[in-house]
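One structure is given below, encoded as structure tokens.
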Amino acid sequence: MKKKRVISVLVATALTASMLAGCGGGSEKTTEKKESTFKGSGEVNRFGWEKPEETLKIDVLDASGYYAPLEAQKEGEKNSLKYLKDEFNVEINVEHVSGDGKEALNLALASGDYPDVITYVPFSMVEKFAKMGKAVELTPYMDTVGTDIKKSMGEHYNLFLDDKEKLYYVPTLMGAITELPDRCAHIRYDEWKAIGSPEIKTPEDYYNALNAILEKFPKTPNGEDRYALSFYSDSGHYTDPAALSGFWGLKSGYKIDDDGNFTHWAFTDEGKEMTKYFNQYHLDGTLDPDSFANNYEQWQTKFSNERVVGCVGEWWITYQSGHEIWQAEDPNLPEDKRFVQIGFKDEDAESANLSGKNFLGSYCTIITDKAEDPEAIMRFMNFQATDMGTALTGWGIPNGTPIGDTGEEVKFWNIDEEGNWEVDPEAKEQILAEKWSYDNAYYEEGMPWLFVNQSRWEDGVHDLWPNQMWYDENKWKSMMMENLDGTIYDSSALTLREKTDEQKIAEQSVTDAWKANWGDAVMADNDKEFEAAWKKLQDSLTSAGVDTLEQAMSDNYKKNMEKMETK
């Protein structure tokens, strides 16, 4: 096997610009379909894969970027690639990008130096490769050697096709756990019980509960003042009003009328009411005054020091910022000293839309024109779409893997020569008790992700992620899902993937505008200041091109809904 190498990104600006000029428009160049030389050996392994007569060799560029693995992760990838060679007769050489992935892709496209397969490709780069004839059209394979991929894409298959109904990529990771929420409100369980566990169905109920807790427990154990809420804001991680507006019935920050027309949250009654709601905490003096200055790390410190009573955001942030820290400090931590996840909605909203599930994924895998046998590569990608392919990719090597030189091994699952498999009982027990060692698991993980679907399998139990199964056997996850039932929706059709330069500029400008101005409205000291700040927010969004973005979202949504209705 070729020695793996890590690409260090050097941006050849002039070369890239000259080579990519003209990529923004026009139709895709066609690539001639190559005849496959793949021959099966007749030997089907325990995973249901027929080994090829000759070793299937695939060179892969992982363009996710900023590759800086732990030693255990390096060993895990090495172990995984060896396992594929030994058990599948598939030899995969993986190159990683140490710098920015998109810059590496631009350089690779400009120089023509790229391998058979590229994973973690942004959709905009897929378009460039396709228009230059550098991405293989995959449509002809979907009803032959790609049937499991097509089945996995399911009702969303048409959304992956371009306007000519052609497919040039598969998602590197797609799907969703439909019963698992992404965002919610949080309240500390022991303190909620201490005030009598009042019902929380509306924003006002949540406000009253947090204030009741503050009244009963105004200080931390160290004597510091506490806040009802605190926000955070830094690069790539911030309290997002588009998500918060879901408590008032909006979807992904937009009000969508019956005709599919979009209105940005800042131009809706719901968005204004949402902002006034959080402003009330400021007027009460119970909103952290540093809410729009905290970065996420600073917020975590306040949270773990028990200075914050409530929280709105992703479900997992109170795990990693709350009881997981407290348990490490105190092995005898009371079970109910932790935050639980809850949902509520404005009484005028039809539903709370807190977690939009985008089944399309964020990154793509392409087979390039450098591949000698795209059909053979598709066969392996198709294997990854099967349950056993997903298990091998997500759960790692079965039957036990050494943990470095410790003399111990890690094992999540077992499979015998006949293909009979089970999750290892001890591993399941550790997962449910939240004692599974993810550091040790690195040694058994590291399979290349060419096509992966993280959705629940047809058995309704298993999926890609070891820690996202058996929720009915986990007290806290069961409680979370029960509390947040009805708050999850399919946002795939809302996803805008093809953007003009004007739309890209508007999208970034709109984000910059609300980040610069929404906080002023939340932190306004009276109604007059609030109205002035709200007008400034709207004016800045208008200048940023919010109408361009609204129109793009509306047109895209209508087109996508038509595609999904086409059989």
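Numbers given in this note's numbering equal positions in the sequence shown, counted from 1, plus 1124.
We put the beta carbon where it would ideally sit given N, CA and C, even for glycine.
Just so we're clear, the structure is a prediction, and the values are computed from it rather than from any experiment.
DSSP beta-bridge partners of residue i
i     : result
Q1465 : H1310
G1437 : C1308
V1168 : E1174
V1214 : L1180
Y1613 : G1480
I1242 : L1185 and I1490
N1577 : M1298
D1349 : K1343
P1432 : A quick correction: the sequence has Val, not Pro, at residue 1432. Paired residue(s): Y1351.
L1411 : L1353
A1259 : T1492
8 Å CB neighbourhood of residue i in its chain, flanking five on each side removed
i     : result
F1162 : P1176, L1180, D1497, E1499, A1500 and R1503
L1353 : L1334, F1402, Y1405, T1410, L1411, D1412, S1415, V1432, V1433, G1434, C1435 and V1436
D1460 : Y1313, D1314 and K1317
S1677 : The question names Ser, but residue 1677 in the sequence shown is Met. Around M1677: Y1378, F1386, L1618 and L1620.
A1640 : S1664
V1250 : A1259, Y1292, Y1293, C1488 and I1490
D1679 : none
Burial state of residue i (16 or more Cβ within 10 Å)
i     : result
V1218 : buried
V1269 : buried
S1445 : buried
Y1369 : Note on identity: in this sequence residue 1369 is Ser, with Tyr being the wrong assignment. Classification of S1369: buried, given that the 10 Å Cβ count is 16 or more.
V1585 : exposed
N1346 : exposed
A1648 : buried
V1184 : buried
N1203 : buried
E1550 : exposed
G1148 : Confidence is the limiting factor: at G1148 the pLDDT is only 37, short of 50, which leaves the residue's position unreliable, though a coordinate-based value still follows. Exposed, because fewer than 16 other Cβ atoms sit within 10 Å of the Cβ of G1148.
W1589 : exposed
T1425 : exposed
P1455 : exposed
K1375 : buried
G1278 : exposed
E1553 : exposed
A1192 : exposed
G1146 : Any answer about G1146 is weak, because its pLDDT of 37 lies below 50 and its placement is not dependable; what the coordinates show is given next. Exposed, by the Cβ-count rule.
T1517 : buried
A1138 : Model confidence at A1138 stands at a pLDDT of 35, short of 50, so the residue's coordinates are unreliable; what they give is reported in the following sentence. The residue in question, A1138, is exposed, as its Cβ has fewer than 16 Cβ neighbours within 10 Å.
N1230 : buried
A1565 : buried
D1381 : exposed
Residues near residue i in its chain [Cβ-Cβ closer than 7 Å; skip 5 each side]
i     : result
A1473 : W1372 and G1373
E1689 : none
K1379 : T1387, T1392 and E1394
N1169 : K1175, E1211 and F1212
G1150 : Because the pLDDT of G1150 is 43, which lies under 50, any placement of that residue in the model is unreliable, and the number read from its coordinates should be weighed accordingly. Closer than 7 Å at Cβ, skipping near neighbours: K1255.
A1645 : T1399, N1403, F1654, A1657, W1658 and L1661
L1556 : W1594, E1597 and N1598
S1428 : S1445, G1446 and I1449
A1187 : V1221, G1225, A1228, L1229, I1242, T1243, Y1244 and V1245
Close Cβ partners of residue i (< 6 Å) along its chain, the five nearest in sequence each way excluded
i     : result
E1201 : G1570
E1546 : N1538
K1290 : E1261 and T1263
N1418 : Y1356
L1608 : P1305, C1308 and G1467
D1568 : One detail in the question is off: residue 1568 reads as Glu in this sequence, not Asp. Answer for E1568: G1520, I1521, T1525 and V1534, listed in chain order.
D1121 : The requested residue 1121 does not occur in the structure, where the chain is confined to residues 1125 to 1691.
G1299 : F1483, N1577, Q1578 and S1579
A1196 : Y1566 and Y1567
N1523 : N1538
Contact with chain B by residue i, beta-carbon distance below 9 Å
i     : result
G1377 : Of the protein chains in this structure there is only one, and it is not chain B.
Any non-hydrogen atom of the ligand GDP closer than 8 Å to residue i Cβ
i     : result
E1339 : Inclusion of the ligand GDP in the displayed structure is not the case, the ligand content being empty and no account of it being possible.
Using 8 Å as the threshold, is the segment 1595-1609 in touch with the segment 1530-1541, meaning 3 or more CB pairs across them? Not touching, per the Cβ criterion.
Assess contact between the segment 1656-1671 and the segment 1629-1638, defined as three or more Cβ pairs (one per stretch) separated by less than 8 Å. Is contact present? Between the segment 1656-1671 and the segment 1629-1638 there are three or more C-beta pairs closer than 8 Å, enough to call the two in contact.
4-residue-minimum alpha helix (DSSP H) runs that sit fully inside the segment 1353-1403, ordered along the chain: Segments of the alpha helix (DSSP H) lying fully in the segment 1353-1403: 1365-1368.
At 4 residues or longer, what runs of the alpha helix (DSSP H) sit wholly inside the segment 1458-1546? Entirely contained in the segment 1458-1546, the alpha helix (DSSP H) runs reaching 4 residues are, in chain order, 1498-1508 and 1511-1519.
Give a yes or no on contact between the segment 1478-1496 and the segment 1286-1306, applying the rule of three or more CB pairs nearer than 8 Å. With the cut-off at 8 Å, the segment 1478-1496 and the segment 1286-1306 touch.
Alpha helix (DSSP H) runs contained entirely in the segment 1621-1687, provided each spans 4 or more residues: Runs of the alpha helix (DSSP H) inside the segment 1621-1687: 1625-1646 and 1651-1668.
Assess, as a yes-or-no matter, whether the segment 1475-1483 is touched by the segment 1609-1624 under the definition of 3 or more beta carbon pairs within less than 8 Å. Yes, they touch.
Closer than 8 Å is the cut-off here; do at least three beta carbon pairs connect the segment 1571-1587 with the segment 1539-1546? Cβ pair count under 8 Å is below three, so no.
Validate contact between the segment 1298-1305 and the segment 1586-1598 using beta carbons, cut 8 Å, 3 pairs: These segments touch.
Counting pairs of Cβ atoms below 8 Å between the segment 1618-1625 and the segment 1634-1651, do you hit three or more? Not touching, per the Cβ criterion.
Counting Cβ pairs, one atom from each stretch, are 3 or more of them under 8 Å apart for the segment 1449-1456 and the segment 1238-1246? With a cut-off of 8 Å, the segment 1238-1246 and the segment 1449-1456 do not count as touching, because too few Cβ pairs lie within range.
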